[in-house]
Amino acid sequence: MIPLDDPWTVAGRSFRSRLVVGTGKYKSLEETAAAIEASGAEMVTVAVRRVNLSDPGAPMLQDHVDPKRYTYLPNTAGCFTANDAVRTLRLAREAGGWNLVKLEVLGPPPHLYPDMAATFEALDVLVKDGFEVMVYCADDPVAAKRLEDRGAVAIMPLGAPIGSGLGLQNPAMLSMLIEQASVPLLVDAGVGTASDAAIAMEIGCDAVLLNSAIAHAADPVRMARAMKAAVEAGRHARLAGRMPRRMGADPSSPLTGLIR
0 MIPLDDPWTV AGRSFRSRLV VGTGKYKSLE ETAAAIEASG AEMVTVAVRR VNLSDPGAPM
60 LQDHVDPKRY TYLPNTAGCF TANDAVRTLR LAREAGGWNL VKLEVLGPPP HLYPDMAATF
120 EALDVLVKDG FEVMVYCADD PVAAKRLEDR GAVAIMPLGA PIGSGLGLQN PAMLSMLIEQ
180 ASVPLLVDAG VGTASDAAIA MEIGCDAVLL NSAIAHAADP VRMARAMKAA VEAGRHARLA
240 GRMPRRMGAD PSSPLTGLIR
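So the sequence shown is numbered by numbering that gives the first Met the number 0: it starts at 0 and just counts up by one.
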């Protein structure tokens, strides 16, 4: 268990759990709630265009995932233009008063790679509107720095394409982004299993955001537990400091004073 004195902070809000989980793609809202509970997450992402947040006549996420217990992070999943993203988050603020949001503007299928030009455009408008914006982005240090300069409160580079489960494809580049970041950095997209989450934490990410890796697992609740343990283990390993890599062997037992 990560010590309670090791929180991370974004936009003035502190969290003990360094795992952020999505609320989509589950078989039911009951399964969603059970997986989130097992994950230990304190922040959950919500696709505003896909989840019912305002119609009491239909099943509502809030009835299963208590917004008083969890920090809701509305996102712009499914938005392909800056205008759509801005409009979506304005609607989210009207519906629930949410000001801390996740911006993602996607390029066309099949890759759904972040459209950085549209992302910059949307971020400028949202910051002027008073939103606190966590931004999904390419693993590009130049783009990440520009997002910070434009007012992003967190940088969220992809580890691999959304929903691919390929794991961290470019950990060296992610390490560069981590080194230069002055706001929290979370890996977002591409995590497929627990070892991917552990590696993200070992290289120095502040937190990990994932959805498909849990929701598409054969046993989502068990995978949620695995992700919780992996994030904690990776954070402990980061704080502990790994041993140096060597090309040659270094025996763990001394070679002097052997019994002859």
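No residue lacks a Cβ here, since even glycine has one placed at the ideal position from N, Cα and C.
Sheet register partners of residue i (DSSP bridge)
i	result
D187	L208
P243	P243 is not bridged to any residue.
T260	Outside the displayed span of the chain (0 to 259) sits residue 260, for which this structure offers no information.
M155	Y135
T44	G21, L72
K101	N74, M133
P113	L105
For residue i, the three-state DSSP class (helix, strand or coil)
i	result
P58	coil
I1	Only weak support is given to the placement of I1: the predicted model assigns it a pLDDT of 49, under 50, and the question is left unresolved by the model.
N74	strand
F130	coil
G21	strand
P66	coil
T80	coil
D123	helix
V182	coil
D249	coil
I202	coil
Closest residue to residue i among the options (Cα-Cα distance)
i	options	result
L102	Y112, A94, L122, H110	L122
A76	P243, G96, L111, P66	L111
T192	V207, A116, E29, A40	V207
L209	P160, L173, P170	P160
V220	P108, G11, K144, A33	A33
R68	D83, A153, V132, A40	A40
Residue i versus residue j: straight-line alpha-carbon distance, rounded
i	j	result
V20	I35	7 Å
D114	D139	12 Å
P156	A216	23 Å
G56	L90	19 Å
G247	I177	30 Å
A143	S251	42 Å
M242	K227	24 Å
Assumed close pair residue i, residue j - CB separation to whole angstroms, cut-off 8 Å
i	j	result
L99	L60	Not confirmed; about 17 Å, so no contact.
T80	A137	So it is not a contact: roughly 17 Å between Cβ atoms.
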